[in-house]
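Student: Residue numbers (our numbering): 5 to 659.
Idealized CB from N, CA, C, for every residue including glycine.
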Ligand SMILES: [Zn+2]
């Protein structure tokens, strides 16, 4: 998901919690004859009838689950995500109290925003009807009214390696689009729309309730989906379409197949225009399908260029995209809550009819959501508990790829009036929430939505940018590549990621991870004082007049560790004889004095002279200039950045 970060920026500035906007057709493999890429824990067969007028559907789901847990299982949990849009749900309560991307704090929840996923019958093939054995559970809180997780008690346990098949009939009511699912006029984005079994992870069931800020977690497998809907609808979906039948009643039935994915989403809209192209990468040719709103056609080539560029960079830097297709959905005007979302081989974009070339939102969204194909869709970490492994690593790759494709510091806004890049925006959203929550906190336990966004997305990006300073850009990229190759389709953990970086770097970086990822330490070093005094000040016979090159000076710089984050410091000092020196400090003590005795005076002092410590919360206090007020000039630069952000925000509001 993409955070609408300009708004996050404002919230970070003013401490507003919540009222923020923030931020998924799968294919069979390039050849479905290839060996499976994943342990196929699940096999879903779903037949759904979509009732376009009422934005509802009725479906039958046949789910075969294989017990790879290594132990007998007699209680199995299922997500019913659409029940989040019920009045007393945990999602609604959290959204009301803290807000989220689509819901301002305290917002009245209109009737059209209600949605539901109701199980009509639940049968275990060979066992019988267990509808009466279902009960709602709420593993995360005490909300007995939350119906987003349901558990079934089986009459006998499923043995290790044994398969069990469920036959579930259910009815969905879609909300007007919210949280990346629902309708807008005739447009539908169907996400999180079917009963989905939880994941056995870390030796326990992992099936969290739907929270206002969290995303998803599911097991890999296959999907065979038949969608019946009015024949005039254009449809895009996870996987590839393998069949189409025209029905006598004016409907059609489309057949989709997806392999080695953990979710299935689809979209339907009678007015979209379909633009098709292809890109060739190391794994072969991948078909690209854009489903465009007619009024947004000007953005189609921009989406296409950004997507192709992004796919080639991921292929070069991280690894191959193994699926044969990627589908991009362009949501309609007023349907922004469907924009900027990832599902396997299926992403949603975001634009507007007036989107000028200098505003790179369409490009950045497509880059961001395609990036999720790697971290969310293939590596598939637990987005409830370790969201930074997806959103944060993805934010870092967004930064690197937007820099590579569109230029550094101009990747978000590049107009005559102003420019803005990924790094600046990430810093702006991080600064205001720097000490509130560790990156490793579970998604729904952050103090508020600003902190969730500022830490999970932006701080992670800044942590990895700063890591480049420690181990080098090449090693960070190599670590990402090794992590992807080793853990795709395996649900790795935060420790897996950090240990992989340690291994590739050839050094133990736990001192860094413990502060930056597991801790809330704030990194801020400053120049406390600096200047030069005559060395002969106490000598009564010293010449009154100073003489350049002859008079000796004692110069001092005191560097102060203002924050609780301990980090090695580089200090660069310049003297009026043209000499430049660099000094190193381990940064451990609270402060450190540097002294030089020279026939020259100090003219400037700066810590982090290469501007590589992206985590430094306050860069205004990093430098001192003898002949100008360095702090003031730093501040002016800061205000200018602030103004440019306001401009981007203003343009965002026009949407
Ligand atoms: Zn995202």
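Is it buried or exposed for residue 404, if we count other Cβ within 10 angstroms and need 16 for buried?
Tutor: For the purposes of this step, residue 404 is identified with residue 400 of the chain shown, where counting begins at 1. Result: buried.
Student: Assign residue 434 to one of three DSSP states: helix, strand, or coil.
Tutor: By one-based count along the chain shown, residue 434 stands at place 430. Of the three classes helix, strand and coil, the one that applies to residue 434 here is helix, per DSSP.
Student: Please report the distance separating the alpha-carbon of residue 200 from that of residue 401.
Tutor: Taking the first residue of the chain shown as 1, we reach residue 200 at position 196. Taking the first residue of the chain shown as 1, we reach residue 401 at position 397. Spanning the alpha carbons of residue 200 and residue 401 requires a straight line of approximately 30 Å.
Student: State yes or no: is the C-beta of residue 83 nearer than 7 Å to some heavy atom of ligand 1?
Tutor: Position 79 of the chain shown, counted from the first residue, corresponds to residue 83. Answer for residue 83: no, Cβ out of range of ligand 1.
Student: Tell me, which residues are paired with residue 234 by DSSP?
Tutor: Here residue 234 refers to the residue found at position 230 of the chain shown. According to DSSP, residue 234 bridges with 255.
Student: What's the call for residue 72, buried or exposed, on a 16-neighbour Cβ count within 10 Å?
Tutor: Taking the chain shown and counting its residues from 1, the one referred to as residue 72 is at position 68. By the neighbour-count rule (16 or more Cβ atoms within 10 Å), residue 72 is not buried but exposed.
Student: When the Cα atoms are used, what is the spatial distance from residue 126 to residue 169?
Tutor: As a first step, residue 126 is located in the chain shown; it is residue number 122 there, counting from the start. As a first step, residue 169 is located in the chain shown; it is residue number 165 there, counting from the start. Cα-Cα distance, rounded: 11 Å.
Student: Is it true that the CB of residue 87 sits closer than 8 Å to the CB of residue 121?
Tutor: For this step, residue 121 is matched to residue 117 along the chain shown. For this step, residue 87 is matched to residue 83 along the chain shown. Yes. Within cutoff.
Student: Bridge partners for residue 187 per DSSP, in chain order?
Tutor: Here the question's residue 187 lines up with position 183 in the chain shown. DSSP output for residue 187 lists 180, 192 as bridge partner(s).
Student: Is any heavy atom of ligand 1 found at a distance shorter than 7 Å from the C-beta of residue 660?
Tutor: As displayed, the chain neither begins before 5 nor continues past 659, which places residue 660 out of reach and without an answer.
Student: What do you reckon, is the C-beta of residue 395 under 7 Å from a heavy atom of ligand 1?
Tutor: To locate residue 395, count along the chain shown from 1; it is residue 391. Yes; taking the cut-off as 7 Å, the Cβ of residue 395 has a heavy atom of ligand 1 nearer than that.
Student: Can you look up residue 322 in the DSSP assignment and give me helix, strand or coil?
Tutor: On the chain shown, position 318 is the one that residue 322 refers to. Here residue 322 sits in coil by DSSP.
Student: Quick one: does the C-beta of residue 105 sit closer than 7 Å to a heavy atom of ligand 1?
Tutor: Taking the chain shown and counting its residues from 1, the one referred to as residue 105 is at position 101. No, the beta carbon of residue 105 sits no closer than 7 Å to any heavy atom of ligand 1.
Student: Nearest by alpha-carbon distance to residue 555: which of 567, 572, 536, 570 is it?
Tutor: The residue given as residue 555 occupies position 551 in the chain shown. Looking at 567, 572, 536, 570, the one whose alpha-carbon comes closest to that of residue 555 is 536.
Student: So, at 7 Å on beta carbons, what are the nonlocal neighbours of residue 161 in its own chain, with the 5 sequence-adjacent residues on each side left out?
Tutor: On the chain shown, position 157 is the one that residue 161 refers to. Contacts found: 76, 77, 78.
Student: Straight-line CA distance for residue 292 to residue 258?
Tutor: One-based indexing of the chain shown puts residue 292 at position 288. One-based indexing of the chain shown puts residue 258 at position 254. Those two C-alpha atoms are separated by around 19 Å.
Student: Work out the CA separation of residue 518 and residue 231 for me, nearest whole Å.
Tutor: Along the chain shown, one-based indexing puts residue 231 at 227. Along the chain shown, one-based indexing puts residue 518 at 514. Rounded to the nearest angstrom, the two C-alpha atoms are 48 Å apart.
Student: When DSSP builds the beta bridges, which residues end up paired with residue 594?
Tutor: Looking up residue 594 in the chain shown gives position 590. According to DSSP, which records beta bridges pairwise, residue 594 is partnered with nothing at all.
Student: Distance check for residue 40 and residue 325, CA to CA, integer angstroms please.
Tutor: Reading the chain shown from its first residue, position 321 is the one you call residue 325. Reading the chain shown from its first residue, position 36 is the one you call residue 40. Residue 325 and residue 40: Cα-Cα distance of roughly 14 Å.
Student: Are the region 500 to 520 and the region 465 to 477 touching by the rule of at least three beta carbon pairs closer than 8 Å?
Tutor: yes
Student: Would you kindly check if the distance between the Cβ of residue 342 and the Cβ of residue 181 is under 8 Å?
Tutor: Along the chain shown, one-based indexing puts residue 181 at 177. Along the chain shown, one-based indexing puts residue 342 at 338. For residue 181 and residue 342, yes; Cβs fall inside 8 Å.
Student: Are three or more beta carbon pairs between the region 282 to 300 and the region 326 to 342 nearer than 8 Å?
Tutor: yes
Student: When you measure from the CB of residue 215 to every non-hydrogen atom of ligand 1, does any distance come out below 7 Å?
Tutor: Translated into the one-based positions of the chain shown, residue 215 becomes position 211. No; taking the cut-off as 7 Å, the Cβ of residue 215 has no heavy atom of ligand 1 nearer than that.
Student: Would residue 587 pass as a contact of residue 598 if the rule is Cβ separation under 8 Å?
Tutor: Position 583 of the chain shown, counted from the start, is the residue given in the question as residue 587. Position 594 of the chain shown, counted from the start, is the residue given in the question as residue 598. Contact flag set, yes.
Student: Can you tell me whether DSSP reads residue 409 as helix, strand or coil?
Tutor: Sequence index remark: in the chain shown, residue 409 carries index 405 (1-based). Note: residue 409 maps to helix in three-state DSSP.
Student: Could you name the residues of the same chain whose beta carbon sits closer than 8 Å to that of residue 283, not counting the 5 residues immediately before and after it, in chain order?
Tutor: One-based indexing of the chain shown puts residue 283 at position 279. Counting only Cβ-Cβ distances below 8 Å, and skipping sequence neighbours, we find 289, 290, 292, 311, 312, 315, 316.
Student: For residue 458 and residue 435, what's the separation of their Cα atoms in angstroms?
Tutor: Locating residue 458 in the chain shown gives position 454, counting from the first residue. Locating residue 435 in the chain shown gives position 431, counting from the first residue. The straight-line gap from Cα to Cα measures roughly 8 Å.
Student: Terminal residues of the continuous beta strand (DSSP E) containing residue 245?
Tutor: Taking the first residue of the chain shown as 1, we reach residue 245 at position 241. Its beta strand (DSSP E) spans residues 244 to 250.
Student: Buried or exposed for residue 165, going by 16 or more other Cβ atoms inside 10 Å?
Tutor: In the chain shown, residue 165 corresponds to position 161, counting from 1. That one is exposed.
Student: Does the beta-carbon of residue 6 have 16 or more other beta-carbons within 10 angstroms, so that it is buried, or is it exposed?
Tutor: Along the chain shown, read from residue 1 onward, the residue named residue 6 stands at position 2. Result: buried.
Student: With a threshold of 6 Å on Cβ separation, who are the neighbours of residue 107 within its own chain once the five nearest residues in sequence on each side are excluded?
Tutor: The residue labelled residue 107 in the question sits at position 103 within the chain shown. Here the set comprises 99.
Student: Verify the contact flag: residue 5, CB atom, against every heavy atom of ligand 1, threshold strictly below 7 Å.
Tutor: Locating residue 5 in the chain shown gives position 1, where the first residue counts as 1. It does: the Cβ of residue 5 is within 7 Å (strictly closer) of some heavy atom of ligand 1.
Student: Assuming residue 211 and residue 376 make a contact with CB atoms under 8 Å, what is their CB distance in whole Å?
Tutor: Residue 211 sits at position 207 when you count from the first residue of the chain shown. Residue 376 sits at position 372 when you count from the first residue of the chain shown. The pair is not a contact, with the Cβ atoms about 21 Å apart (cut-off 8 Å).
Student: Exposed or buried, which one is residue 495 when buried takes at least 16 other CB atoms within 10 Å?
Tutor: The sequence position of residue 495 within the chain shown is 491, counting from 1. Residue 495 should be labelled buried.
Student: Distance check for residue 112 and residue 237, CA to CA, integer angstroms please.
Tutor: Locating residue 237 in the chain shown gives position 233, where the first residue counts as 1. Locating residue 112 in the chain shown gives position 108, where the first residue counts as 1. Between residue 237 and residue 112, the C-alpha separation is close to 32 Å.
Student: Tell me whether residue 286 is buried or exposed, calling it buried when 16 or more other Cβ atoms sit within 10 Å of its Cβ.
Tutor: Taking the first residue of the chain shown as 1, we reach residue 286 at position 282. That one is exposed.
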